[in-house]
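Heads up: the protein sequence lines correspond to chains A and B, in order. Quick note: the first sequence uses the working numbering, first residue 33, plus one each step. Quick note: the second sequence uses the working numbering, first residue -19, plus one each step. Here is the structure we will look at, set down as structure tokens.
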Amino acid sequence: MNAVSKTKKSLFADTSVSKAPVMSREGSVSIHEETTGSKAVKYLLIGISVLFLFVMLVLPLITVITEAFKKGFGEYFKAISDPDTASAVTLTLKATVIAVLFNTVFGVFAAWAVTKFRFKGKKILVTLIDLPVTVSPIIAGLIYVLTFGRQSTIYPFLEEHGLEVVYAVPGIILATVFVTFPFISREIIPVLEAQGTDEEEAAAMMGADGFTIFRRITFPHIKWALLYGIVLCSARAMGEFGAVSVLSGHLRGKTVTLPLHVEILFGDNKFMPAFAVSSILVLLAVMILIIRSIVEYIGKDRG
Amino acid sequence: MYIELRDINKSYGDFKASDNVNFGIEKGKLVALLGPSGSGKTTILRMIAGLEHPDSGDIIIDGQRVNDIPASKRGIGFVFQSYALFRYMTVFDNIAFGLQVKKADKKAVQERVTELIKLIGLEGFENRYPSQLSGGQRQRVAFARALAPNPQVLLLDEPFAAIDAKVRQELRRWLKEMIRKLGVTSIFVTHDQDEALDVADEIIVTNSGRIEQTGSPLEIYRAPATAFTSSFFGQTSELEDYTRFKFFDRVDNYDKAFVRPEFIKMTKKDEIQKYKNSAAEGIVEDIAFRGNYIEYTVNSNGSTFIAHRALDEEKVEVGEKVDVFIYRLFITVGNEVRLLKNGSIREEMVVI
Ligand SMILES: Nc1ncnc2c1ncn2[C@@H]1O[C@H](COP(=O)(O)OP(=O)(O)OP(=O)(O)O)[C@@H](O)[C@H]1O
Ligand SMILES: [Mg+2]
């Protein structure tokens, strides 16, 4: 129940929304015809949107698919079964999984800390969480190169322990983690904020420990937001180009992710293979979209 | 004393939410923390519960200093102002939670929860979610949930605030009975004086972070000890200059004078009344029907105050001239209160 519902009014209001969806994304809101004037306006607006979507999204997607299959299935499979492609897929998935795992743990902890405790410097922490969204990925990549590269003061230490970051897999993972940093916590924070701390306090009063409180009280509240955050985080992690590009060094078969691989192929004027590899990313994106819709649908239903 | 607070201070930034708070509560008593909004009632309750820490002072429960014992280990039941029921758990699971956390065995949990559900009269609602209950039902679930682990102390923060007037009266009677039956030492917060007077064994009056007075409802109502309590209880009206009413002792440099409706006898000009000769003339300014009595706003000697008349007494009209006789009144000097009696009553007693 709502923490701030001290007054009669808000408490009663609570009854009507208490099974409200946890998802922060709402479905499209249909505006009543009377409020927008005529039907013509309505269809004009819809038409413009559809046209825009077609030109900006559908057309490129169709191009990717047609270009990929231009020379037939045989060539297509040859292109995507190339060892460099296979290694790019593996690396992309690896970076994605690690980034999602790390950011899930971090995101939940950060969101929990920010919403359930009072401490100094909370505002700074919240701002820091959002930092990766505001910083250009290229800059982020450069910062890591400067921090872990040859010029860095900690480089001798890293070298001594055989830790390669720049132009190596750890760098790619680091960059992916950084860029997708806020995606999960930002989904959870609003949900936890709206929920308040009453239920947790009530559970603590009954002798529950921190983990039990999280598992039985907090988690059910954030379940769907968390899943949604994971979906978004995965999508972003797979597609990351900028920061990864700076840190990768483009060592084929070693530090090349799918987006980088596409770029390399494209640069070599190998258009068909470039589109074929792109189609893998498109496929992954479509899968994520479907999962996202399912999560949203179920989440809304269950609240 | 079973629960004792000694010299408790608590500040939020510059704001003093608890200012040298001292009180003790005997075992098994039902005590009301009564005071205006923002007077620090919730703060006191939360410190006893362990959800908030005093800056200084000792909290003692059952002879043990509990300041450093975390909330989860204090064995206190807490009913939140907003109930804070677990939204994603059924009524059954809500009540069972405290027992499950303590690793009670399944059968014992089942039995205890069933017993409590019966006690709160919600049989058949076990599998409902809090959002599917009415305000009063939620309140009772919150009560059962707090009681499930058999706490020695029960704290309730404005347990009836969110419930409409009629159900509220029923529910507070019910709660009083339950607490009596179970014998659990309880403190409940309220800013409704009727509620405190009606339910509590003892009332602790708070005002701007301080304890104004503690005592039984009768004591506090009859003999308010501070300026604040004298004006807080009853339907008090302030008198402009009480010395204009005859037969009261003069007190120099008094601050304020208060009367309550029960201190006043208001009669129509043609009605017979024992102290008619000592009464002052007044004029009725407003009338309000209050169900079992009629409330009159009267102006007399430059003061406006409230007087009551029973339903079966003849009606008085707005603008009608009446006689008002004041039996007694409170005056405050600094933070002290004095009860002044009308001298004409004394004189007659002497004559008789
Ligand atoms: N966490 C907090 N931070 C800052 N100030 C607070 C905090 N909690 C309470 N206060 C302040 O302390 C004072 C006492 O608050 P408290 O909640 O104890 O009042 P209350 O008597 O319970 O009032 P009400 O009847 O409105 O619930 C209030 O002025 C409030 O603004
Ligand atoms: Mg309060």
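For each residue, glycine too, the CB sits at the ideal point set by N, CA and C.
Item: Rounded Cβ spacing between B:N233 and B:F208 (contact assumed at less than 8 Å); Value: The pair is not a contact, with the Cβ atoms about 19 Å apart (cut-off 8 Å).
Item: Proximity test, Cβ basis, 9 Å: A:H193 and chain B; Value: no
Item: B:K138 beta carbon near ligand 1 (any heavy atom closer than 8 Å); Value: Note that residue 138 of chain B is Glu in the sequence shown, not Lys. For ligand 1, at least one heavy atom lies less than 8 Å from the Cβ of B:E138.
Item: Residues that A:P222 contacts on chain B, provided the C-beta gap is smaller than 9 Å; Value: Going along chain B, no residue has its Cβ under 9 Å from A:P222, so there is no contact; the nearest lies around 16 Å.
Item: Members of the stretch 134 to 164 of chain A near chain B, C-beta cut-off 9 Å; Value: none
Item: Contact belief for A:S119 with A:I204 at Cβ below 8 Å, rounded distance in angstroms; Value: A:S119 to A:I204, Cβ: 12 Å. No contact.
Item: Chain B contacts made by the stretch 280 to 308 of chain A, where a contact means CB separation under 9 Å; Value: none
Item: Candidates B:G163, B:W154, B:E192 and B:K86, of which the one nearest B:K21 by Cα; Value: B:E192
Item: For B:T216, the residue or residues it bridges with in DSSP; Value: BP columns for B:T216 are empty, so no partner.
Item: Classification of B:E316 by the beta-carbon crowding that lies within 10 angstroms, buried from 16 upward; Value: exposed
Item: Where the stretch 20 to 31 of chain B meets chain A: residues whose CB sits under 7 Å from a CB there; Value: A29 and L31
Item: Neighbourhood of B:I100 by C-beta distance below 6 Å, restricted to the same chain and skipping five residues each side; Value: R120 and A124
Item: Within-9 Å CB hit, B:L319 to chain A; Value: no
Item: Any C-beta of chain B under 9 Å from that of A:E272; Value: no
Item: Inter-residue Cα distance where the pair is B:I286 and B:I244; Value: 8 Å
Item: Contacts of B:V81 in chain A (Cβ-Cβ under 7 Å); Value: M238, G239, A240 and T244
Item: Where the alpha helix (DSSP H) containing A:Q227 begins and where it ends; Value: V201 to Q227
Item: Cβ shell of B:A126 (< 7 Å), same chain only, five flanking positions each side left out; Value: G57, F58, V59 and L134
Item: Neighbour list for B:G78 in chain A, Cβ cutoff strictly below 7 Å; Value: M238 and G239
Item: The beta strand (DSSP E) enclosing B:G4, as first and last residue numbers; Value: F(-5) to I5
Item: Chain A within 9 Å of B:L65, Cβ atoms only; Value: yes
Item: Residue from A:M304, A:I130, A:T124 and A:L206 with nearest C-alpha to A:G285; Value: A:T124
Item: For A:K148 and A:L224, believed in contact at Cβ under 8 Å, the rounded distance; Value: 7 Å
Item: Span of the alpha helix (DSSP H), counted from its first residue to its last, around A:M270; Value: F251 to G271
Item: Alpha carbon of A:I262 to alpha carbon of A:I330, nearest angstrom; Value: 15 Å
Item: B:V239, enclosing beta strand (DSSP E) - first and last residue; Value: K236 to V239
Item: Nearest candidate by alpha-carbon position, reference A:V146, set A:G271, A:E219 and A:L76; Value: A:E219
Item: Sheet register partners of B:T165 (DSSP bridge); Value: B:V133
Item: B:V169 beta carbon near ligand 2 (any heavy atom closer than 8 Å); Value: yes
Item: B:F105 and B:Q117 closer than 9 Å at C-beta; Value: yes
Item: Cβ of A:D230 within 9 Å of any chain B Cβ; Value: yes
Item: Residues that B:D266 bridges to, as DSSP identifies them; Value: B:T277
Item: B:Q193 Cβ short of 8 Å to ligand 1 heavy atom set; Value: no
Item: Close-in-space but distant-in-sequence residues of the same chain around B:A180 (CB under 7 Å, 5 per side omitted); Value: L10, V11, A12 and P197
Item: Per DSSP, the bridge partner or partners of B:F305; Value: B:K245
Item: Interface partners of A:I249 on chain B, CB under 7 Å; Value: F66
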